[in-house]
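2 protein chains.
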Amino acid sequence: MLEPLYLNLGQHDALSDAEKALLAGAMTFERHFAIGQDIVASGSRPTYSTLILDGLAARYKVLENGGRQFTSLQVPGDFVDLHAFLLKTMDHGIVALSPCHVIFSDHSRLRAITEEAPHLTRLLWLDTLVDGAIHREWIVAMGRRSKTSHLAHLVCELFVRLQVVKRTNGMSFHLPLSQAEMADVLGLSVVHMNRVIGALRKFGVVSWANHTVTILDWHRLQEIAEFDPTYLSMMREPR
Amino acid sequence: MLEPLYLNLGQHDALSDAEKALLAGAMTFERHFAIGQDIVASGSRPTYSTLILDGLAARYKVLENGGRQFTSLQVPGDFVDLHAFLLKTMDHGIVALSPCHVIFSDHSRLRAITEEAPHLTRLLWLDTLVDGAIHREWIVAMGRRSKTSHLAHLVCELFVRLQVVKRTNGMSFHLPLSQAEMADVLGLSVVHMNRVIGALRKFGVVSWANHTVTILDWHRLQEIAEFDPTYLSMMREPR
DNA sequence: AGCGCAGTCTAACAAATGTTAATGCCCGTC
DNA sequence: GACGGGCATTAACATTTGTTAGACTGCGCT
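As given, the protein sequences belong to chains A and B, one line each in that order.
Counting from 1 along the first sequence, just add 2 to a position and that's the residue number in this note's numbering.
Counting from 1 along the second sequence, just add 2 to a position and that's the residue number in this note's numbering.
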């Protein structure tokens with residue numbers, strides 16, 4: 003059942019059977035969330051961390067004027083709030099963008115891992131560092147890329163991340179977000195989001211319908227995005 | 003000499019003398035960097051991590067069209083590339099924005115800390131988690147705040163972070179960035195950056211001259227920024 | 001004192017992006 | 001099969017942001 007987590011952590015470095023057992027031992031109960039439900043509430047102080055087994059979720063903040071900004075998209079195998087293990091207080095919420103199947107792991111058991119399993123600790127730490135690397139890439143995209151390039155970059159990133167956990171289908175993947183939700187990812191108005199998606203379609207690099215994205219020309223998409231997957235640390239090496 | 007680091011880590015949780023000694027023992031040699039010099043090069047695979055003792059530095063990426071985006075500002079007490087300890091390959095550069103005095107810590111000794119000092123390991127991990135939290139706040143600012151609010155937020159954040167390491171002077175702090183460099187922080191053109199700074203001045207909440215920022219009306223600045231320091235985890239509690 | 005450079009600031013115009021509103025389409029419900 | 005709601009799409013117009021160009025300012029250097 004934890005296969006997505008093993009695939010995610012295992013892409014960076016070998017994961018021993020003992021370590022897999024430790025992770026499995028840290029898990030407690032499972033739960034399902036419906037679309038739109040908060041998986042973790044902003045301001046809460048969870049005593050467990052949440053692993054996505056299936057579905058798509060997002061971190062977000064809401065401003066006083068009602069504007070919402072997603073700060074990350076989380077795919078199966080991601081710990082959506084592993085940072086809360088040490089940060090303690092959630093400064094943002096996490097919402098299910100599709101029906102989500104998750105499993106919770108107690109902070110007390112994660113703490114035990116940090117006391118007894120240094121290598122596994124480093125892999126969990128690494129997982130949050132990749133999170134940070136993705137954040138930095140988003141900052142660059144928001145600040146200095148054209149909106150078309152930003153969207154292309156996001157498509158590249160999601161495709162690669164979903165591929166790692168075997169959630170792609172050939173050159174296609176499921177992307178359940180509405181255009182309004184996509185707008186909250188890129189920081190655009192809905193109308194402009196629609197224009198930008200139209201631009202990518204016109205370039206002929208993706209088709210996008212029924213919540214399914216198909217990459218028609220990976221090479222050119224990557225060019226438009228200036229996509230370099232180094233930041234995802236997909237190289238398997240001692241950590 | 004490591005005082006800024008102790009202040010930085012110590013703001014989140016108590017730091018024992020033994021832990022301070024471990025940190026001191028991880029340090030090797032010091033070095034000075036001039037303005038504009040790369041402290042860490044993009045694409046490199048450092049075998050040490052860099053702690054700022056004095057000065058201001060920034061992480062950045064450069065795009066093909068020459069556009070540059072800063073993804074973080076680093077103040078004294080910050081490990082600018084602690085993530086490279088596990089990420090291995092730098093996917094971005096780090097540049098000195100003022101003359102910088104830094105000290106290097108060997109990855110082999112950091113690794114030893116993860117093997118032998120779980121609590122200190124968690125504090126170092128936490129340090130990178132706060133980094134991530136700051137990134138998320140920047141994403142929100144870039145995506146959904148007005149530019150004036152974004153700048154106000156940045157001023158609030160820098161003031162608070164500098165205060166922790168005793169680098170403020172009353173309500174003032176030194177900010178050596180030119181407006182062109184500030185533009186690369188916010189993702190704006192130089193001309194518009196100038197307009198936005200002008201707006202903050204017109205509101206009468208800050209004065210900004212000679213690379214010195216003075217907060218004239220903290221309350222109103224915070225309001226404009228919708229600044230909530232929760233994400234900086236400045237609460238001292240067991241981690 | 002004069003020169004030259006880097007940085008700040010303004011103006012005028014161009015392009016990108018937001019807002020408001022209307023249309024059409026798909027799909028589930030009654 | 002009609003109805004209604006959510007979503008995608010488009011249009012027209014407003015606002016924000018970028019571009020280009022130039023003036024101005026402070027400061028180190030000769």
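We treat Cβ as the ideally placed atom computed from N, Cα and C, and that holds for glycine.
> Among B/L234, B/G189, B/H155, B/V198, which one has its Cα closest to the Cα of B/E225?
Replying inline: If you number the second sequence from 1, residue 225 of chain B lands on position 223. Comparing Cα-Cα distances from B/E225 to each of B/L234, B/G189, B/H155, B/V198, the minimum goes to B/H155.
>> With distance defined between alpha-carbon atoms, name the residue in B/L89, B/G95, B/L88, B/S46 nearest to B/R61.
In response: Taking the first residue of the second sequence as position 1, residue 61 of chain B is located at position 59. The residue with the shortest Cα to Cα distance from B/R61 is B/G95.
>> I'd like to confirm something about B/L65: is its beta-carbon nearer than 7 Å to some heavy atom of the ligand MG, or not?
In response: Judged by which ligands are present, the structure shown has none, so any question about the ligand MG falls away.
> Would you call A/A28 buried or exposed, if buried means 16 or more other Cβ atoms sit within 10 Å of its Cβ?
Replying inline: Start at 1 with the first residue of the first sequence, and residue 28 of chain A comes out as number 26. By the 10 Å Cβ count, A/A28 comes out buried.
> Once you ignore the five residues that flank B/R147 on each side, which residues in its own chain have a CB closer than 6 Å to its CB?
Replying inline: Taking the second sequence and counting its residues from 1, one reaches residue 147 of chain B at position 145. Answer for B/R147: no residue qualifies.
> Considering only C-alpha positions, which residue in the set A/S44, A/L126, A/S100, A/D83 is nearest to A/L17?
Replying inline: Looking up residue 17 of chain A in the first sequence gives position 15. Checked all of A/S44, A/L126, A/S100, A/D83; the closest Cα to A/L17 is A/L126.
> What do you reckon, are the CB atoms on A/L9 and A/L25 nearer than 8 Å?
Replying inline: Taking the first sequence and counting its residues from 1, the one referred to as residue 9 of chain A is at position 7. Taking the first sequence and counting its residues from 1, the one referred to as residue 25 of chain A is at position 23. No.
>> Per DSSP, what are the beta-bridge partners of A/F81 in this structure?
In response: Start at 1 with the first residue of the first sequence, and residue 81 of chain A comes out as number 79. Looking at the DSSP assignment, A/F81 forms a beta bridge with A/L53.
> Is the CB-CB distance between A/S51 and A/H137 below 8 Å?
Replying inline: By 1-based counting over the first sequence, the position of residue 51 of chain A is 49. By 1-based counting over the first sequence, the position of residue 137 of chain A is 135. Cβ atoms of A/S51 and A/H137: not closer than 8 Å.
> Quick one: Cα of B/I141 to Cα of A/E117, how far?
Replying inline: On the second sequence, position 139 is the one that residue 141 of chain B refers to. On the first sequence, position 115 is the one that residue 117 of chain A refers to. For B/I141 and A/E117, the distance between alpha carbons rounds to 33 Å.
>> Can you tell me whether B/S191 is buried or exposed? The criterion is at least 16 other CB atoms within 10 Å of its CB, across all chains shown.
In response: Taking the second sequence and counting its residues from 1, one reaches residue 191 of chain B at position 189. It is exposed - the Cβ of B/S191 has fewer than 16 other Cβ atoms within 10 Å.
> Mind checking if B/L122 is an interface residue toward chain A, Cβ cutoff 8 Å exclusive?
Replying inline: Counting from one through the second sequence, the residue named residue 122 of chain B turns up at place 120. No, its Cβ sits nowhere closer than 8 Å to a Cβ of chain A.
> Between B/L88 and A/R169, which are expected to be in contact by the criterion C-beta below 8 Å, what is the C-beta distance as a whole number of angstroms?
Replying inline: In the second sequence, the residue the question calls residue 88 of chain B occupies position 86. In the first sequence, the residue the question calls residue 169 of chain A occupies position 167. In fact, because the Cβ distance is near 25 Å, the residues do not count as touching under 8 Å.
> Whose C-alpha, out of B/A201, B/F35, B/D133, B/L202, is nearest the C-alpha of B/M236?
Replying inline: Translated into positions along the second sequence, residue 236 of chain B becomes position 234. B/M236 has its Cα closest to that of B/D133, out of B/A201, B/F35, B/D133, B/L202.
> Who are the neighbours of B/L93 on chain A, taking C-beta pairs under 7 Å?
Replying inline: Here residue 93 of chain B is taken as the residue at index 91 of the second sequence, counted from 1. Checking the sequence, you will find Asp at residue 93 of chain B rather than Leu. Near B/D93 (Cβ distances below 7 Å), the residues of chain A are A135, T232, Y233.
> Roughly how many angstroms lie between the CA atoms of A/S180 and A/H213, to the nearest whole one?
Replying inline: For this step, residue 180 of chain A is matched to residue 178 along the first sequence. For this step, residue 213 of chain A is matched to residue 211 along the first sequence. Answer to the nearest angstrom: the Cα atoms are 8 Å apart.
> For the 8 Å Cβ check, are there 3 or more pairs between the region 101-121 of chain A and the region 63-74 of chain B?
Replying inline: no
> Among residues of its own chain, excluding the 5 on either side of B/M92, which ones have a beta-carbon nearer than 8 Å to its beta-carbon?
Replying inline: Within the second sequence, the letter at position 90 stands for residue 92 of chain B. These residues qualify, in order along the chain: V42, A43, S44, G45, S46, R47, P48, D83, A86.
> Alpha carbon to alpha carbon, what distance is there between B/V166 and B/H14?
Replying inline: Taking the first residue of the second sequence as 1, we reach residue 14 of chain B at position 12. Taking the first residue of the second sequence as 1, we reach residue 166 of chain B at position 164. Roughly 11 Å separates the two Cα atoms.
>> Taking the straight line between their C-alpha atoms, what separation do you get for B/F31 and B/I105?
In response: Position 29 of the second sequence, counted from the start, is the residue given in the question as residue 31 of chain B. Position 103 of the second sequence, counted from the start, is the residue given in the question as residue 105 of chain B. Straight-line Cα distance between these residues: approximately 6 Å.
> Start and end of the beta strand (DSSP E) containing A/I105?
Replying inline: Position 103 of the first sequence, counted from the first residue, corresponds to residue 105 of chain A. 102-108 is the extent of the beta strand (DSSP E) around A/I105.
> Any idea if B/E239 is buried or exposed, counting beta-carbon neighbours within 10 angstroms, 16 or more meaning buried?
Replying inline: Working through the second sequence from its first residue, we reach residue 239 of chain B at position 237. Label assigned to B/E239: exposed.
> Since A/D40 sits in a beta bridge, which residues does DSSP pair it with?
Replying inline: As a working note, residue 40 of chain A is residue 38 in the first sequence. Answer is A/V97, bridged to A/D40.
>> Residues of chain A with CB closer than 7 Å to the CB of B/I141, please, in chain order.
In response: Numbered from its first residue, the second sequence carries residue 141 of chain B at position 139. In chain order: Q71, T73, H137, W140, I141, M144.
> Which residues, taken in chain order from the region 176-209 of chain B, show a beta carbon closer than 9 Å to some beta carbon of chain A?
Replying inline: D186, V187, L188, G189, L190
> Based on the DSSP output, what are the partners of B/K22 in its beta bridges?
Replying inline: By one-based count along the second sequence, residue 22 of chain B stands at place 20. Looking at the DSSP assignment, B/K22 forms no beta bridge with any residue, so it has no partner.
>> Rounded to the nearest angstrom, what separates A/G189 and B/V198 at their Cα positions?
In response: The residue given as residue 189 of chain A occupies position 187 in the first sequence. The residue given as residue 198 of chain B occupies position 196 in the second sequence. When rounded, the distance between both Cα atoms is 19 Å.
> Considering only the beta carbon of each residue, do A/A20 and A/G57 sit closer than 8 Å?
Replying inline: Residue mapping note: residue 20 of chain A aligns to position 18 of the first sequence, counting from 1. Residue mapping note: residue 57 of chain A aligns to position 55 of the first sequence, counting from 1. Not in contact: A/A20 and A/G57 (Cβ atoms no closer than 8 Å).
>> I want to verify the contact list: residues of chain B whose CB lies under 8 Å from the CB of A/T130, in sequence order.
In response: Counting from 1 along the first sequence, the entry for residue 130 of chain A is found at position 128. Residues of chain B passing the Cβ test: W127, T130, L131, G134.
> Does any residue of chain B bring its CB to less than 8 Å from the CB of A/H85?
Replying inline: By one-based count along the first sequence, residue 85 of chain A stands at place 83. So yes, A/H85 belongs to the interface.
> Got a sec: is the Cβ-Cβ distance from B/E66 to anything in chain A below 8 Å?
Replying inline: Locating residue 66 of chain B in the second sequence gives position 64, where the first residue counts as 1. By this cut-off, B/E66 is an interface position.
>> I want to verify the contact list: residues of chain A whose CB lies under 8 Å from the CB of B/R33, in sequence order.
In response: Start at 1 with the first residue of the second sequence, and residue 33 of chain B comes out as number 31. In chain order: nothing, as chain A lies at least about 24 Å away.
>> Less than 8 Å between the beta carbons of B/L53 and B/M3, yes or no?
In response: Looking up residue 53 of chain B in the second sequence gives position 51. Looking up residue 3 of chain B in the second sequence gives position 1. No, the pair does not count as a contact, with Cβ atoms beyond the cut-off.
>> Among the candidates B/A227, B/H152, B/G206, whose CA atom is the shortest distance from the CA of B/M184?
In response: Position 182 of the second sequence, counting from 1, holds the residue named residue 184 of chain B. Ranking B/A227, B/H152, B/G206 by Cα distance to B/M184 puts B/H152 first.
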